[in-house]
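Chains as they are written, first to last, in this note's numbering: chain A, 8 to 239; chain B, 8 to 239.
Glycine included, each C-beta is placed from N, C-alpha and C at the ideal position.
Keep in mind the model is a prediction, meaning the values are calculated, not measured.
Right, one structure below, let's go through it.
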DNA sequence: CTTTGTGAACGGATTCACAGCT
DNA sequence: AGCTGTGAATCCGTTCACAAAG
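Okay, here's the thing in structure tokens:
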């Protein structure tokens with residue numbers, strides 16, 4: 008009776024949440040190979056983390072392992088899918104059908120992993136009415152209707168930076184409450200809306216930082232504008 | 008003389024490094040508007056972080072601000088570009104010219120921000136010889152030659168997961184020492200190679216976790232396979 | 001008086017190491 | 001004996017708050 012009416016909502020740390028999808032992927036692979044159980048050690052290796060972290064992370068979901076044995080793959084898969092909200096598909100809308108939006112609309116990985124693209128919207132009359140991957144591009148003014156019909160809770164922004172905030176506002180007005188932003192700009196959203204961002208150029212800039220420290224170990228301030236000398 | 012021959016390599020925390028590109032973006036915007044200086048407060052707001060963090064982060068680069076005034080925009084831009092290794096362009100190779108690779112090859116943001124795409128490689132004979140954005144797709148066997156000619160240090164992997172590790176190995180053998188991986192798989196690379204990953208579906212799965220907690224506040228274990236009920 | 005730069009306090013995440021269960 | 005689950009220790013990053021500088 009200790010845990011009666013109210014389901015205890017365990018507080019899962021953000022860092023753990025962002026690793027759960029990695030574990031899920033590894034588990035799917037293992038399940039495919041027919042392995043019935045898996046140790047934290049092996050799961051860690053497959054997911055690119057260390058074993059202690061895996062155990063701690065999984066312990067936030069509950070005590071689903073068996074000491075001396077490991078974790079039951081199917082059971083853990085089920086629990087993890089449930090926790091991640093992946094027991095049903097999430098329909099997604101993509102706004103901005105330029106290069107990137109186009110590619111995202113064609114990307115099979117979304118559908119495969121439970122995020123079918125239900126709708127595409129743009130503001131440019133030249134692309135409206137065209138189809139990408141069998142999905143017609145609608146005008147962004149139709150977003151409220153489209154979102155309601157398809158029960159869309161998750162939106163992807165692939166517009167130019169200049170349009171992104173406006174598009175985000177309209178998505179939110181249309182009932183979208185989770186947004187993945189690819190536009191290179193900071194968005195502000197109300198606290199009840201989840202926002203994640205992926206900035207492709209930023210990733211390269213971060214790599215550049217470390218790369219630079221490798222190749223330019225012992226130069227002083229001297230900044231050369233021309234190409235770096237070839238490595239031996 | 009305390010800081011003589013050896014340039015003191017300040018140890019910049021990873022978290023800070025990953026924010027520098029955001030500051031850089033904000034600074035470019037501010038410079039464009041002709042503002043001569045900027046306060047940590049304003050820079051923070053534009054970059055979506057808080058002011059104390061901005062000051063701490065910038066302090067790792069050096070004491071480039073003026074108390075009572077703020078930071079000189081141009082000077083800070085210069086220092087930050089230098090620190091990030093963005094005083095020259097970095098030529099990039101993309102491996103895997105499917106949907107995603109195609110889009111990345113067309114993405115103008117890379118070139119604009121100092122990462123021109125110098126080469127494209129794939130293994131599929133059907134795409135080899137075609138051009139994307141004016142760049143010919145070469146066979147991956149030519150990677151060593153291509154990488155050497157263009158002095159490529161940074162590679163992007165946009166292949167299917169099954170090919171990614173092999174491609175990474177070949178890139179590294181060809182002298183690439185920073186990799187951005189879009190394939191949904193864990194790569195192992197030697198410690199001197201920098202690796203970052205972007206998994207598009209994982210981002211959506213993380214959003215799904217939080218989204219699920221919003222819409223499914225008070226159900227117990229009861230997992231329904233059909234669509235969620237409409238709000239209100 | 002304004003705003004930086006930074007020690008100090010705090011909090012979250014990772015790792016350690018071992019008790020507890022099978 | 002083998003492996004999980006978890007307190008305790010540690011590390012890293014964030015925030016606070018104020019002295020120092022203009």
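- prompt: How would you call residue 156 of chain B, buried or exposed, if buried means at least 16 neighbouring beta carbons within 10 angstroms?
  reply: exposed
- request: Below 7 Å between beta carbons is the criterion; list the residues of the segment 163 to 193 of chain A that meet it against any residue of chain B, in chain order.
  value: Across the segment 163 to 193 of chain A, CB contacts with chain B closer than 7 Å involve 184, 185, 187, 191 and 193, in sequence order along the chain.
task: Hey, could you find the ends of the beta strand (DSSP E) residue 143 of chain A is sitting in?
output: 142 to 146
- prompt: By the 10 Å Cβ neighbour count, where 16 or more other Cβ atoms means buried, how is residue 160 of chain B classified, buried or exposed?
  reply: Residue 160 of chain B should be labelled buried.
task: State the start and end residues of the unbroken alpha helix (DSSP H) segment that holds residue 71 of chain A.
output: Element bounds for residue 71 of chain A: n/a, residue is neither H nor E.
query: Under 8 Å between the Cβ atoms of residue 68 of chain A and residue 61 of chain A?
result: no
Completely contained beta strand (DSSP E) runs for the segment 67 to 144 of chain A, where each covers 3 or more residues: Qualifying beta strand (DSSP E) stretches, in chain order: 77 to 79, 99 to 102 and 124 to 129.
Counterpart residues of residue 31 of chain A in DSSP-defined beta bridges: Note: residue 31 of chain A is not bridge-paired with any residue in the DSSP secondary-structure output.
field: Contacts of residue 42 of chain B in chain A (Cβ-Cβ under 7 Å)
entry: None at all; the shortest Cβ gap to chain A is about 18 Å.
- prompt: Taking any Cβ of chain A, which residues in the segment 26 to 50 of chain B have a Cβ under 9 Å from it, in chain order?
  reply: 27, 28, 29, 31, 32 and 33
query: Considering residue 202 of chain A, what are the terminal residues of the beta strand (DSSP E) in which it resides?
result: 201 to 204
Bounding residues of the alpha helix (DSSP H) (the contiguous stretch that carries residue 194 of chain B): Where residue 194 of chain B is concerned, there is no enclosing alpha helix (DSSP H), given that its DSSP letter is neither H nor E.
query: Using 8 Å as the threshold, is the segment 107 to 115 of chain A in touch with the segment 99 to 107 of chain B, meaning 3 or more CB pairs across them?
result: yes
- request: Report yes or no: is there a C-beta of chain A within less than 8 Å of the C-beta of residue 120 of chain B?
  value: Chain A places a beta carbon closer than 8 Å to that of residue 120 of chain B, counting this residue as a contact.
task: Determine contact between the segment 193 to 212 of chain B and the segment 162 to 181 of chain B, defined as no fewer than three beta-carbon pairs at a distance below 8 Å.
output: Here the segment 193 to 212 of chain B lies against the segment 162 to 181 of chain B, with 3 or more beta-carbon pairs under 8 Å apart.
Rounded separation between residue 44 of chain B and residue 222 of chain B - CA only: Roughly 45 Å between the two C-alpha positions.
message: Can you give me the C-alpha to C-alpha distance between residue 182 of chain A and residue 148 of chain A, rounded to a whole angstrom?
response: 14 Å
message: Could you tell me the alpha carbon to alpha carbon distance between residue 99 of chain A and residue 72 of chain B, rounded to whole angstroms?
response: Here the alpha carbon of residue 99 of chain A sits roughly 44 Å from the alpha carbon of residue 72 of chain B.
task: Return the chain-ordered list of same chain residues with a C-beta closer than 7 Å to the C-beta of residue 202 of chain B, the five sequence neighbours on each side being excluded.
output: 186, 188, 194 and 196
query: Is the distance from the Cβ of residue 27 of chain A to the Cβ of residue 87 of chain A below 8 Å?
result: In this structure, residue 87 of chain A lies closer than 8 Å to residue 27 of chain A by Cβ.
Span of the alpha helix (DSSP H), counted from its first residue to its last, around residue 54 of chain A: Element bounds for residue 54 of chain A: 47 to 54.
query: Measuring CA to CA, which of A:83, A:58 and A:126 is closest to residue 70 of chain A?
result: A:83
Short CB-CB distance (under 8 Å) between residue 18 of chain A and chain B: no
message: Quick check on residue 25 of chain A: does DSSP put it in helix, strand or coil?
response: helix
- prompt: Just to confirm, are residue 144 of chain A and residue 153 of chain A a CB contact at a threshold of 8 Å?
  reply: no
- prompt: In terms of residue numbering, what span does the beta strand (DSSP E) encompassing residue 164 of chain B cover?
  reply: DSSP places residue 164 of chain B in the uninterrupted beta strand (DSSP E) bounded by 161 to 164.
query: Excluding the five sequence neighbours on either side, which residues of its own chain have a C-beta within less than 8 Å of the C-beta of residue 54 of chain A, listed in chain order?
result: 26, 29, 30, 32, 33 and 61
task: Given a cut-off of 8 Å, decide if residue 121 of chain A and residue 93 of chain A are closer than it, judged by their beta-carbon atoms.
output: Contact annotation: residue 93 of chain A and residue 121 of chain A have beta-carbon atoms nearer than 8 Å.
task: Classify residue 137 of chain A as buried or exposed, calling it buried when 16 or more other Cβ atoms lie within 10 Å of its own Cβ.
output: exposed
- request: Per DSSP, which residues does residue 186 of chain A bridge with? Please list them.
  value: A:162 and A:202
query: Of the choices A:97, A:56 and A:219, whose alpha-carbon is the least far from that of residue 302 of chain B?
result: Outside the modelled stretch of chain B, which goes from 8 to 239, sits residue 302 of chain B, for which no answer is possible.
query: What do you get for residue 18 of chain A, buried or exposed, if any count of 16 or more other CB atoms within 10 angstroms of its CB means buried?
result: exposed
task: My understanding is that residue 48 of chain A touches residue 58 of chain A, with C-beta atoms under 8 Å, so please give their C-beta distance in whole angstroms.
output: 5 Å
query: Quick one: is residue 180 of chain A buried, meaning 16 or more other Cβ sit within 10 Å of its Cβ, or exposed?
result: With fewer than 16 neighbouring CB atoms inside 10 Å of its own CB, residue 180 of chain A falls in the exposed class.
- prompt: residue 44 of chain A bridges to which residues according to DSSP?
  reply: DSSP links residue 44 of chain A through a beta bridge to A:79.
- prompt: Of all the CB atoms in chain A, is at least one closer than 8 Å to the CB of residue 211 of chain B?
  reply: yes
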